[in-house]
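According to mature numbering (1 follows the signal peptide of the UniProt record, and there is no 0), the stretch in the sequence shown is residues -24 to -1, 1 to 518, in order. We put the CB at the ideal spot given by N, CA and C, even for glycine. Please read these numbers as outputs of a predicted model, since none were measured by experiment. Heads up: the structure comes next, in structure tokens.
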Amino acid sequence: MPLNLAVAASICSLFCSLFAIVSAEDPYRFFNWNVTYGDIYPLGVRQRGILINWQFPGPDIHSVTNDNLIINVFNSLDEPFLLSWNGIQNRRNSFEDGVYGTTCPIPPGKNFTYILQVKDQIGSFYYFPSLAFHKAAGGFGGIRILSRPRIPVPFPDPAGDYTVLIGDWYKSNHTDLRAHLDKGKKLPLPDGILINGRGSGAAFNVEQGKTYRLRISNVGLQNSLNFRIQNHKMKLVEVEGTHTLQTTYSSLDVHVGQSYSVLVTADQPARDYYIVVSSRFTSTVLTTTGILHYSNSAGPVSGPIPGGPTVQIDWSLNQARSIRSNLTASGPRPNPQGSYHYGLINTTKTIRLSSSAGQVNGKQRYAINSVSFIPADTPLKLADYFKIGGVFRIGSISDNPTGGGIYQDTAVMGADYRAFIEIVFQNDEDIIQSYHLNGYQFWVVGMDGGQWTSASRNQYNLRDAVARVTVQVYPKSWSAIYIALDNVGMWNLRSESWARQYLGQQFYLRVYTASTSLRDEYPIPKNARLCGKAAGRHTRPL
């Protein structure tokens, strides 16, 4: 909820000077959040959930391109806490990224004010708690970034705009799940699926003949999910900040960590219809339902629940390939969204990443290129900024699979500012994977089954590939992305399967320049918390 004017003014006096340098008259939006525990009953049993302002899920963030978001988070939990922003790129400011590699946790009983700017962004995203397996307790919510009024959007204004947070869920408290992982065990299958925090009965109201926007985000812990609405079609219009070709689907696979915007027209006879979400590529299919409720409904939901797609990978792979950028749509930048001809730029480096699972010292661990990440005693960005030795080593993870056994390290890979690189995710496991890179949007140029080779580039989409922030990699398959490294900082590349992330399937990409210009990176925020070996040091004046 908005801060009162006095508090807003005091916070602005602390932070607005930085943005005045770089953001001119871009608007500010102030939020004041209290993070608490509370009883929740999403699957019919009482659980200890994480609430924001007594809400589960948390409140939505509504913003417009280039807005400055000042979010004061007070931690009323009994353990340290951090929020991260899945899709907000934090241009030149990884200090505020909200993962332990960049940001000191908020101690119990203390607060921290995040300073974010949704610079040159539009689209549908979400926020979530990044520490201590808190994501399994809640603390997540939707983020929407609207285009500025003068920038045309390639579809008429919808009659309504709904956030739809879907995800798998456990009946066990997050502390029990975390203890299970800490003992070196794998998580069991989830117990159910939620729609906006409910195991059943979530309802969305529509009027017959009108069109609505649904912003669907998979905020779950491990499962890809299929989303569908009985007797209704969905027109895809946006994926994680990119307007897409407006392709119509009867159901949509939403992989863990991903967000999609669809338009749904209430063009059926006036009654209620099932909204269905079911797990994908699982031995036991979990399903939950919500309701699309017509305002003049003549009756409740009826008939069989509509079935989902087949379990074959090809259906989902072909759907993913069909999602393309809308090259004629205006984006948040002054030029049309498709005017950046990524396919005509030579890549300067190829990074190949392969996941693996195994035991280390008798406990379950997960790795990328054989390295299972372990957190350092100091956030890596702070150690880098203050030049504190002994915290991490650049190059502690190889940029190609090693083929060796899993070992533990604080994995950091170096990369040059303004390089244009290719990353290939190779998945030799039997499960679907999903990867996210903080601070960046990237082009998904290709995906296919089998082993990636240099000849695989012949099938890349070098014209209208969708630009997004999270990419899936199918079992025994590969996915390839192109990235322009135009955002200096220390950025987390991770599995979105949260048990895998927690047990090591992540690393940090250090995008470096020797420049100290504000055009390249903002100075450390004056309110930055300093912990570990950085404790007691002083932030540079703004």
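- By a beta-carbon distance limit of 8 Å, ASP43 contacts ARG5. Their separation comes to about 5 Å.
- Burial of ILE142 is indicated by the presence of at least 16 other C-beta atoms within 10 angstroms of its C-beta.
- A Cβ-Cβ contact shorter than 8 Å links GLN222 with LYS211.
- Between ALA359 and ALA510, the CB-CB gap stays under 8 Å.
- Listed in chain order, the alpha helix (DSSP H) runs fully inside the segment 17 to 90 amount to none, counting runs of at least 4 residues.
- In summary, VAL40 is buried, with 16 or more beta-carbon neighbours lying within 10 Å of its beta-carbon over all protein chains present.
- Per DSSP, GLN184 has no beta bridge partner at all.
- With fewer than 16 other beta carbons inside 10 angstroms of its own, ALA274 counts as exposed.
- Using a Cβ distance threshold of 8 Å, ASN29 and TRP61 do not count as a contacting pair.
- For the pair ILE408 and HIS231, the CB atoms are nearer than the 8 Å cut-off.
- Annotated as proximal: VAL447 and VAL420, with beta-carbon spacing under 8 Å.
- Here GLY390 is near ILE370, since their CB atoms are less than 8 Å apart.
- Per DSSP, reduced to three states, the secondary structure at GLN244 is coil, with no helix or strand assignment.
- Take GLY20, set aside five residues on each side of it, and the residues of its chain with a beta-carbon closer than 8 Å to its own are GLY175, in chain order.
- Remark: three or more beta-carbon pairs, one from each stretch, lie closer than 8 Å, so the segment 131 to 147 and the segment 158 to 178 are flagged as touching.
- The DSSP-derived three-state label of ALA443 is strand.
- Ranking GLY465, ARG126, PRO18 and GLY279 by CA distance to the CA of GLY177 puts PRO18 first.
- Contiguous alpha helix (DSSP H) elements confined to the segment 352 to 425 occur at 356 to 361, taking only those with 4 or more residues.
- The segment 102 to 113 and the segment 181 to 197 touch, with no fewer than 3 CB-CB distances between them shorter than 8 Å.
- Per DSSP, the beta bridge partners of ASN10 are PHE50.
- At a Cβ-Cβ threshold of 8 Å, LEU413 and LEU356 do not count as neighbours.
- If you ignore the 5 residues before and after GLY379, its C-beta comes within less than 8 Å of the C-beta of SER346, all in its own chain and listed in chain order.
- Excluding its 5 nearest sequence neighbours in each direction, LEU27 has C-beta neighbours in its own chain below 6 Å: THR12 and GLY14, listed in chain order.
- Fewer than three pairs of CB atoms, one per stretch, sit closer than 8 Å, so the segment 241 to 254 makes no contact with the segment 150 to 162.
- The residue among SER193, VAL445, GLN477 and PHE32 with its C-alpha nearest the C-alpha of GLN65 is VAL445.
- With a minimum length of 4 residues, the unbroken runs of alpha helix (DSSP H) contained wholly in the segment 268 to 349 fall at 289 to 298.
- Spatial neighbours of GLY136 in its own chain (CB-CB distance under 6 Å, excluding positions within 5 residues in sequence) are listed in chain order as TYR188.
- Inclusion of ILE399 and ILE459 in the CB contact set at 8 Å is warranted, their separation being smaller than that value.
- By the beta-carbon neighbour count (other beta carbons within 10 angstroms, threshold 16), GLN97 is buried.
- In the three-state reduction of the DSSP assignment, THR151 falls in the helix class, which pools H, G and I.
- Check the Cα spacing between PHE368 and each of ARG486, LEU479 and ALA305: the tightest is with ARG486.
- DSSP places GLN482 in the uninterrupted beta strand (DSSP E) bounded by 482 to 488.
- DSSP places ARG476 in the uninterrupted alpha helix (DSSP H) bounded by 474 to 478.
- DSSP lists ARG191 as the bridge partner or partners of THR139.
- For SER227, the beta-bridge partners assigned by DSSP are ARG204.
- Selection SER227, ARG67, TRP428 and ASP496 evaluated against GLN417 yields ARG67 as nearest (Cα-Cα).
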